[in-house]
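Shown next, in structure tokens, is the structure this report addresses.
Protein chains: 2
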Amino acid sequence: MQTWNAERLALSLLGVAMLACFLPCPAHADEGMWTFDNFPSAAVKAKYGVDIDPAWLDHVRGAAVRLSTGCSASIVAANGIVLSNHHCVRACAQQHSNATRDYVKDGFLATRREDEILCAGMVAEVLASISDVTDRVTAAVAGKTGDEFIKARDAQIAAVEKEGCAGKEDKYSCEVVTMYQGGQYKLYNYRKYTDVRLVFAPEGDTAFFGGDPDNYNFPRYDLDCSFVRLYENGKPAATPDHLRWSTLPPKEGEPLFVAGNPGTTQRLLTADQLSTLRDLNIPEILILYSELRGQLLRFSAESSEHARIGNRDLFSVENSFKANRGKERALVDTTLIAAKRVAERELKARVSKAPKLAAEVGNPWSDIAKAQLHEKELYFRYYDLESRAAYRSDLFEYARDLVRAAQERTKPNGERLREFTDSRLALLAKTLLDPQPVYPELEQLKLAFWLTKLRENLTADSPDTRLFLGKESPETLAARLATSKLGDAAVRKALWEGGLQAVQASDDPLIRFVLATDADSRAVRKLYEDEVSGPVEQAQQKIAHARFALYGTSVYPDATFTLRLSYGKVEGWDNNGVAVPAFTYLSGLWERATGQFPFALTPRWQNAHGKVDPHTVFNFVSDNDIVPGNSGSPAIDAEGQVVGAIFDLNIPSLGGPFGFDDRVNRAVSVSTASITEALRNVYGAQGLVTELTAGD
Amino acid sequence: MQTWNAERLALSLLGVAMLACFLPCPAHADEGMWTFDNFPSAAVKAKYGVDIDPAWLDHVRGAAVRLSTGCSASIVAANGIVLSNHHCVRACAQQHSNATRDYVKDGFLATRREDEILCAGMVAEVLASISDVTDRVTAAVAGKTGDEFIKARDAQIAAVEKEGCAGKEDKYSCEVVTMYQGGQYKLYNYRKYTDVRLVFAPEGDTAFFGGDPDNYNFPRYDLDCSFVRLYENGKPAATPDHLRWSTLPPKEGEPLFVAGNPGTTQRLLTADQLSTLRDLNIPEILILYSELRGQLLRFSAESSEHARIGNRDLFSVENSFKANRGKERALVDTTLIAAKRVAERELKARVSKAPKLAAEVGNPWSDIAKAQLHEKELYFRYYDLESRAAYRSDLFEYARDLVRAAQERTKPNGERLREFTDSRLALLAKTLLDPQPVYPELEQLKLAFWLTKLRENLTADSPDTRLFLGKESPETLAARLATSKLGDAAVRKALWEGGLQAVQASDDPLIRFVLATDADSRAVRKLYEDEVSGPVEQAQQKIAHARFALYGTSVYPDATFTLRLSYGKVEGWDNNGVAVPAFTYLSGLWERATGQFPFALTPRWQNAHGKVDPHTVFNFVSDNDIVPGNSGSPAIDAEGQVVGAIFDLNIPSLGGPFGFDDRVNRAVSVSTASITEALRNVYGAQGLVTELTAGD
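Chains as they are written, first to last, in the working numbering: chain A, 1 to 696; chain B, 1001 to 1696.
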């Protein structure tokens, strides 16, 4: 499955179970991604006989980790040891690899603390407190519409965030989270760790055994785990209140809790919004990813070095493609949007029976329907020039962030583009300034791909195309831009610190390119906010208001890549008449191996046959309600012990962003039992095992 | 635009103008692709004051040419000279190119007859007569359903075709054409030419100036023309009744006729069929083409030789992709399928008022709706194993044709798969046995692509995947299969002539692969015919029966890659408020050139500035109703003179397969005026000009 960042690039929207109950009906069965301040403990007690009391919740919250790379994780030992997925640290392993040393291919183990390696750009956050700031934000936007609405809201959010962390910015981060589509605004206060180091990662082919063909499938045989360590002041962080490590797997039917950061769900979208996704956004994403996938596959086949440097993008693109294809399949199913229309009619009928509410709410559904037409008109301009510009090019991201940061930092906090407000600058600076390898050949491929699509989508004769390309072809322009020196962290640091003057004086080709084109990108962004996202967000807020008035908080908010708790049980499912068992065992790995990629065992595992207990539970499924962003989340038993790490979801769950069906939606975990077995008997990581089991 | 073969591989279905009148209403405005035995001369007389009498029709029919490569053409001089498009002979130019001599890039001109080069696999056909065989075919299928219906129909068609050409197979070909979805069956008898030689082709970048970005757009500046010569007994064919060559362009508003072979339209599909196209077939095609496009683009960027050998597939894939994207856009427009549902309700209402007809017809719409569910179930198995197997691999096509032909030729004519009946064997043999270059690296890319998609679509665990891949990966299996020796025409000849025994004894890896897997492919084909195409075709025949009973032949049949005549006028259009003029001029070519591909002039044209008359009409548009397959069709004036060659259609026309709107649908031609000017003053082809203008 995918990290939330990958997903967010893709589209921030997702998908369904055909018979799921669409909101506004209350969450049924094991559905729901609950906030820690509104967890349905009574329902869990009634169904599973388990007491989830405030102490349990506080303990789990304090051990749950959000990674800035778009993943979840958990603290599982006393000295800052954090469990996550391999695919959450793949970029970190790659940062430290080169043509002769490949930690993605061969895995990584630091047997001594001084061998642990810094993950560039990675920040880990632990949620410290939640407070309600709804009144402040809604007061600030009263009477505003369109782009003005968005500006006023973002200015207020920036102010609240700045105040929330004032004086302690080095150790804390503050984020205002929009819940229920603007029905609630909450200030999330995080304890942050900016020094995160890699301790262990298995070989990529062991973590992702079965590769793209097995991705989102089950049965699975993947050791998709990793360990990083949090550091403070150059020393391992003290984390006494960690989750307790279980060396035993959960049992079939056992209740299971997942604490993590589901990225984005769209369960509250209107039928018209879902239709736009079905007819425009997702088909275009699938087309885009498919061509890029083709280019990256061929690029990777050209040499072993190309395979190494192309690996991260290829993995990410294939993963996102498969997820979006699942969403597309869910949306073209005729029952989904039809069910949504029925639910909408019911909500409208209830609103119309409450005259005061009806007057307050108006007809936001109609506003959203109108905005869909503007979405269609602006689609390619907005995505190609702004939202998805230079898709996946690190160099371009550096250039645009440097140019915009230099421009925005000259403005008052409340008037900046939202990603450059004070509360966000620290993470941005880390992302920009941490040294990371950049591969010019790959950058050139991605830049040329983007510029070609821009010309194709907007036509050769559009003023935008003429501005971005001039008389150059996409290929020659990309080759020129890829000579940028922004891959050098020192160059970036000089521009970051030099501010607007340094940026404007730069002769770097990408900086000059962004300086020449960015006004156009900003203009289409403003237009989009004025005609699409502004009206939509305001209309959604009205619908949310109606829902609150009628249903209160008996429903959970859509996912926002913030901490949630889902409950469920360990259970297989019925796949069109075929029973899929809940567990796989280590023995199955050797049975499935063919000797050829992606079903080949690494040398270490070829040699491990007979050294590990074949009856160890390897992977397992549960009916917890999760989506991308939950990658790396701890799977926790009723006693609060960690028994696994979520790393995937099954095919029926790909519609999960739009709804949930606990009969077939399943979360996939790698067991702590198999991780222990592997660390001990395959990787010789006895030191790490000792840390993990120190409490036993 | 694309040849019909490319299109057919894509999908045999296409697209619309939003406000077009959907059948069963009679054709309006300049809509229609009329057969030569049912041309609406009275309507043309009334609208344009032009008499299209039987002599005019016979003359044009006798000069109109169908090329087996999926294009149209016309005889334009006395000694077998035929005008078509560059993109219709691109494969021929490539056949004779190699690493040091590239006729696609540099163009080709035979100044002496002995320099004219054979186009491998190409057959040219001129329609000699049409006769009605509806009664024979419908009698043969009476009482049959599903796969049995298809078998009985195909057996009868095979018999009719064999009888039709008995004793003159060397010079004639016979084809039963299914009109009005089985409402009529017509025997088309063709005079055929199997020795077709290339005389002239401009440089690829001149023929396709603007490349993919300008494809399907207008204004255009493309010399997309070519000349081949028909030979008989080793000598130029005598073709005294050719179209007369005009050195002048048509005038704005002038009536214009297009005689050609539109490939496939789907204007009679039901709303349920269109929904399946929108939700399944076309999105999957777009995904498939996009990834293949990405691989081919990167392959082509690897070296100039890869660019040369990858060119044909890349051109074809990009072309098909763009056409299908236009279709998708037309289908997701909410008005199209809704209008179709209205038209269906009207037809059903009229049927229900005619009790006898209602009893005969039953409810074919419901049968078609049911078959759509089977289409969805069988989709990937049918397309990946059979209909689109080894997509675009020449070697695989050779292998499967050789294996199946060997098996089928042992059966009576009426019991064979339809593509191996006696009437089709001659063309098949020519396609198989003419020498053509095969590029193993490119074959390996395409085979690996196919096998990867097969595994992805059917899953790694399906019995099909296990049969096709065994324990090999797609990449290693493709590498092994690409070592096949079937690229050698002599090897193919030996297997063709050796029949089943030789095929079974072959140790060629692709022959062995097809022998091992083909039973599975044939089984899914039978299943598909039983559950999808059989029921659908039978239901369509019932709907056609109802339409005939109610509307007669006042409507034209869907396109079937057989000769049709469309009428219209030279006219620009209004593109969302911007007037697009009908003509471009040679001067515009230099204005549009940027110096960079695909807007770069070839050296010959760089030097031609000042040597050609800049005021010469270059390309022009008319509102003739055309679709892919019409490429190369003569654009003819009221006097029967050829004034241009159709080579493209505009973006709004991409929905043309589903309907037609003469306000915005336009056909794009290259003028004979500009061809003459270029032959004379750029290419120094005075001999060819003399032949073309000999009648002046």
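Glycine included, every Cβ here is placed at the ideal spot set by N, Cα and C. No experiment lies behind these values; they were computed from the predicted model shown.
Can you grab the Cα-Cα spacing for the pair residue i / residue j, in whole Å?
i       : j       : result
A/P614  : B/F1299 : 44 Å
B/G1080 : B/A1124 : 11 Å
B/L1297 : B/K1453 : 18 Å
B/Y1190 : B/T1265 : 22 Å
B/A1238 : B/V1076 : 12 Å
A/F548  : A/S84   : 36 Å
A/L477  : B/F1218 : 26 Å
A/F599  : B/L1469 : 13 Å
B/L1563 : A/T335  : 43 Å
A/L427  : A/V196  : 13 Å
B/P1250 : B/T1672 : 10 Å
A/I646  : A/A371  : 37 Å
B/E1475 : B/G1588 : 47 Å
B/A1678 : B/S1129 : 36 Å
A/T178  : B/H1086 : 58 Å
A/A63   : A/P628  : 20 Å
B/P1440 : A/T584  : 42 Å
A/V104  : A/A389  : 28 Å
A/C225  : A/S674  : 10 Å
My output table needs one value for residue i: the three-state DSSP class, helix, strand or coil.
i       : result
A/C165  : coil
B/S1012 : Note that B/S1012 scores a pLDDT of 30, beneath 50, so its modelled location is shaky; the value from the coordinates is reported in the next line. Looking at B/S1012 - three-state DSSP - the assignment turns out to be coil, as it is neither helix nor strand.
A/L602  : Sequence check: residue 602 of chain A is Thr here, not Leu. In the structure shown, A/T602 sits in coil (DSSP, three-state: anything other than H, G, I, E or B).
A/V50   : coil
A/F561  : coil
B/N1098 : strand
A/D313  : helix
B/G1260 : strand
B/C1088 : helix
A/L248  : coil
Considering only DSSP beta bridges, list what residue i is partnered with.
i       : result
B/V1668 : B/V1621 and B/D1648
B/E1186 : Sequence check: residue 1186 of chain B is Lys here, not Glu. Paired residue(s): B/D1132 and B/V1177.
B/P1236 : B/Y1231
A/W34   : A/L565
A/Y193  : A/A124
Taking C-alpha atoms, which residue in the options lies nearest to residue i?
i       : options                           : result
A/E397  : A/S84, A/H545, A/F149 and A/L486  : A/L486
B/L1198 : B/K1192, B/Y1216 and B/F1227      : B/F1227
B/A1339 : B/S1275, B/V1643 and B/D1422      : B/S1275
A/E419  : A/A158, A/E252 and A/F39          : A/A158
B/K1171 : B/V1133, B/F1200 and B/E1232      : B/E1232
A/E591  : A/R220, A/L292 and A/S366         : A/R220
A/G211  : A/I675, A/F597, A/K356 and A/L692 : A/F597
Enumerate in chain order the residues of its own chain whose CB-to-CB distance from residue i is below 6 Å, with the five nearest sequence positions on each side excluded.
i       : result
A/D434  : A120 and G121
B/P1364 : A1539, K1542 and I1543
A/A406  : G499, L500 and V503
A/D205  : T602
Excluding the five sequence neighbours on either side, which residues of its own chain have a C-beta within less than 7 Å of the C-beta of residue i, listed in chain order?
i       : result
B/E1386 : S1521, V1524 and R1525
A/W573  : V580, R663, V664 and R666
Could you name the residues of the same chain whose beta carbon sits closer than 8 Å to that of residue i, not counting the 5 residues immediately before and after it, in chain order?
i       : result
B/V1682 : R1604, W1605, A1608, K1611 and V1612
A/P26   : Confidence at A/P26 is low in this model, with a pLDDT of 43, below 50, so its placement is unreliable and the value that follows should be read with caution. Cβ neighbours of A/P26 beyond the five flanking positions: Y551, S554 and V555.
A/E328  : R278, I282, P283 and L286
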